[in-house]
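For the sequence shown, full-length UniProt numbering assigns the number 1 to the initial residue and increments by one for each residue that follows. All C-beta atoms in this analysis are idealised placements derived from N, C-alpha and C, irrespective of residue type, glycine included. Quick caveat, the model's predicted, so the values are computed rather than measured. Here's the structure we're looking at; comments come further down.
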Amino acid sequence: MKVRLQPRPRALQYLLPALKQHVRPLSLSIPRSSNSSSTPPTSAPSTNNARWLSNIKARIGKCIMFGMSEKQTQEAATVVKAIGEEWRALVSGREGFLVGRKRAGLLRHSVVWGEMDRMEHVNNVMYIRYAESARVNWAYNYAVHIDPEHGKEWMETVTPNGFGMILKSMKTDYKFPMTWPDHISVFHKLSHLPTASDSSFVLDVMILSELHQRLAARCVEDIAVYDYLKKQKATIRPFMLKAFEQTWAEQEAEKVRVEKMIKEIENTVKTIEKATWDREGAVEEFGGRS
Numbered sequence: 001m002k003v004r005l006q007p008r009p010r011a012l013q014y015l016l017p018a019l020k021q022h023v024r025p026l027s028l029s030i031p032r033s034s035n036s037s038s039t040p041p042t043s044a045p046s047t048n049n050a051r052w053l054s055n056i057k058a059r060i061g062k063c064i065m066f067g068m069s070e071k072q073t074q075e076a077a078t079v080v081k082a083i084g085e086e087w088r089a090l091v092s093g094r095e096g097f098l099v100g101r102k103r104a105g106l107l108r109h110s111v112v113w114g115e116m117d118r119m120e121h122v123n124n125v126m127y128i129r130y131a132e133s134a135r136v137n138w139a140y141n142y143a144v145h146i147d148p149e150h151g152k153e154w155m156e157t158v159t160p161n162g163f164g165m166i167l168k169s170m171k172t173d174y175k176f177p178m179t180w181p182d183h184i185s186v187f188h189k190l191s192h193l194p195t196a197s198d199s200s201f202v203l204d205v206m207i208l209s210e211l212h213q214r215l216a217a218r219c220v221e222d223i224a225v226y227d228y229l230k231k232q233k234a235t236i237r238p239f240m241l242k243a244f245e246q247t248w249a250e251q252e253a254e255k256v257r258v259e260k261m262i263k264e265i266e267n268t269v270k271t272i273e274k275a276t277w278d279r280e281g282a283v284e285e286f287g288g289r290s
């Protein structure tokens, strides 16, 4: 007896290629503890997870394997489109990092072959250079996009003329061995809002792998304000404080925006799961709906 396979819903034809763009294989199983029963868990995984993005893709992939209706496919396609367009915000925006073009220190910067070492991964020193270059562009963004009224003063902060910024200390945590070919995006954010009496401030840094769509490294930079004319440290300039207040407000707003988006994605995916594999009598499909 021949089995006629029905064509996939039109939306699914676009959904599958979008999921396949994720370079790492999608796991179609839900991680379980060693003492878990055969009954799949019904609660959604924690959203406070470094691998949340890849987990969401895996969960959608599993739903596809159990078959989806036209409506469910369209809902899943909406989620895939959202994470494709907003993945940087979903990874880092929830912590307050601003990932727009006018805020990014480096955006899709090429990783070149010569940056790898004999262990065939990007040398650890390169991450520090990425953060350094991004920090200069971070100040440049203030001069050009955020506070052009004080553009000259912002540009001087990365030169030995007048008031400048000097790196006091830096800590780097490496998350996975990045390799060539790849691209990176680097973002800075204020760790806390400085005051008028402070002579330094702290920046948190995220270095993202564009190929893997995940965090490659974190840095913490302690930045001192220095008066090159008087050869001594100085308090943060009033124009800088005003701009930092605006940045801090935008960081807090971004946290709220991204958390709301994450909850919406979680709720949508959970609803699809309930209607596909996480229901009584669910059977995995092979080759399409019959």
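Inset, instruction - Would you list the residues sitting across from residue 268 in a DSSP beta bridge? - result: By one-based count along the sequence shown, residue 268 stands at place 268. Residue 268 pairs with nothing; no bridge assigned.
Legend entry - Beta-carbon gap between residue 188 and residue 203 smaller than 8 Å: By 1-based counting over the sequence shown, the position of residue 188 is 188. By 1-based counting over the sequence shown, the position of residue 203 is 203. It is a contact, given that the beta carbons lie within the stated cut-off.
Legend entry - Candidates 210, 255, 118, 64, of which the one nearest residue 76 by Cα: Translated into the one-based positions of the sequence shown, residue 76 becomes position 76. Nearest C-alpha to residue 76: 64.
Legend entry - Closest Cα partner of residue 262 within the set 212, 79, 185: Residue mapping note: residue 262 aligns to position 262 of the sequence shown, counting from 1. Taking only the C-alpha atoms, the option nearest residue 262 is 79.
Legend entry - Status (buried if at least 16 other CB within 10 Å, exposed otherwise) for residue 245: Start at 1 with the first residue of the sequence shown, and residue 245 comes out as number 245. Exposed, by the Cβ-count rule.
Inset, instruction - In the DSSP assignment, find the unbroken alpha helix (DSSP H) run with residue 84 in it and report its ends. - result: Position 84 of the sequence shown, counted from the first residue, corresponds to residue 84. Note, residue 84: alpha helix (DSSP H), 70–92.
Inset, instruction - Would you mind listing the alpha helix (DSSP H) stretches within the region 215–286 that are 4+ residues and don't spill past its ends, in chain order? - result: 238–275
Legend entry - Cβ-based neighbour list, residue 274, same chain, cut-off 6 Å, excluding 5 preceding and 5 following: Here residue 274 is taken as the residue at index 274 of the sequence shown, counted from 1. Cβ within range, chain order: n/a, list empty.
Legend entry - Nearest residue (CA-CA) to residue 200, options 68, 61, 57, 232: In the sequence shown, the residue the question calls residue 200 occupies position 200. The residue with the shortest Cα to Cα distance from residue 200 is 232.
Inset, instruction - Grab the span of the beta strand (DSSP E) containing residue 165 for me, first residue to last. - result: As a working mapping, residue 165 is identified with position 165 in the sequence shown. 163–174 is the extent of the beta strand (DSSP E) around residue 165.
Legend entry - Residue span of the alpha helix (DSSP H) that contains residue 135, given as start and end: The residue you call residue 135 lines up with position 135 of the sequence shown. According to the DSSP assignment, residue 135 belongs to the alpha helix (DSSP H) that extends over 124–141.
Inset, instruction - List the DSSP bridge partners of residue 205. - result: Translated into the one-based positions of the sequence shown, residue 205 becomes position 205. Residue 205 pairs with 188, 219.
Inset, instruction - Report yes or no: do the region 101–115 and the region 157–171 share at least 3 C-beta pairs separated by less than 8 Å? - result: Proximity of the region 101–115 to the region 157–171 falls short of the contact definition, fewer than three beta-carbon pairs being nearer than 8 Å.
Inset, instruction - Compare the beta carbon distance of residue 227 and residue 163 with 8 Å and say whether it is the shorter of the two. - result: Walking along the sequence shown from the start, residue 227 turns up at place 227. Walking along the sequence shown from the start, residue 163 turns up at place 163. Using a Cβ distance threshold of 8 Å, residue 227 and residue 163 count as a contacting pair.
Legend entry - CB of residue 206 within 8 Å of CB of residue 121, strictly: To locate residue 206, count along the sequence shown from 1; it is residue 206. To locate residue 121, count along the sequence shown from 1; it is residue 121. It is not a contact, given that the beta carbons lie outside the stated cut-off.
Inset, instruction - Counting only the same chain and skipping the five closest in sequence on each side, list residues whose C-beta sits under 8 Å from that of residue 66. - result: Along the sequence shown, one-based indexing puts residue 66 at 66. So the qualifying residues of the chain are 276, 277, 282, 283, 284, 285.
Legend entry - For residue 53, the first and last residue of its enclosing alpha helix (DSSP H): Position 53 of the sequence shown, counted from the start, is the residue given in the question as residue 53. Residues 52–65.
Legend entry - Among 132, 266, 139, nearest to residue 247 - alpha-carbon criterion: As a working mapping, residue 247 is identified with position 247 in the sequence shown. Considering only alpha carbons, the answer is 139.
Inset, instruction - Taking residue 154 as part of the alpha helix (DSSP H), name the residues at either end of that continuous run. - result: The sequence position of residue 154 within the sequence shown is 154, counting from 1. Looking at the DSSP string, the run of the alpha helix (DSSP H) that includes residue 154 is 151–156.
Legend entry - Separation of residue 130 from residue 171, as counted between CA atoms: Position 171 of the sequence shown, counting from 1, holds the residue named residue 171. Position 130 of the sequence shown, counting from 1, holds the residue named residue 130. Taking the straight line from one Cα to the other gives about 13 Å.
Inset, instruction - Please name the residue or residues paired with residue 109 in a DSSP beta bridge. - result: Counting from 1 along the sequence shown, the entry for residue 109 is found at position 109. Partner(s): 184.
Inset, instruction - Give a yes or no on whether the C-beta atoms belonging to residue 106 and residue 137 are separated by under 8 Å. - result: If you number the sequence shown from 1, residue 106 lands on position 106. If you number the sequence shown from 1, residue 137 lands on position 137. Using a Cβ distance threshold of 8 Å, residue 106 and residue 137 count as a contacting pair.
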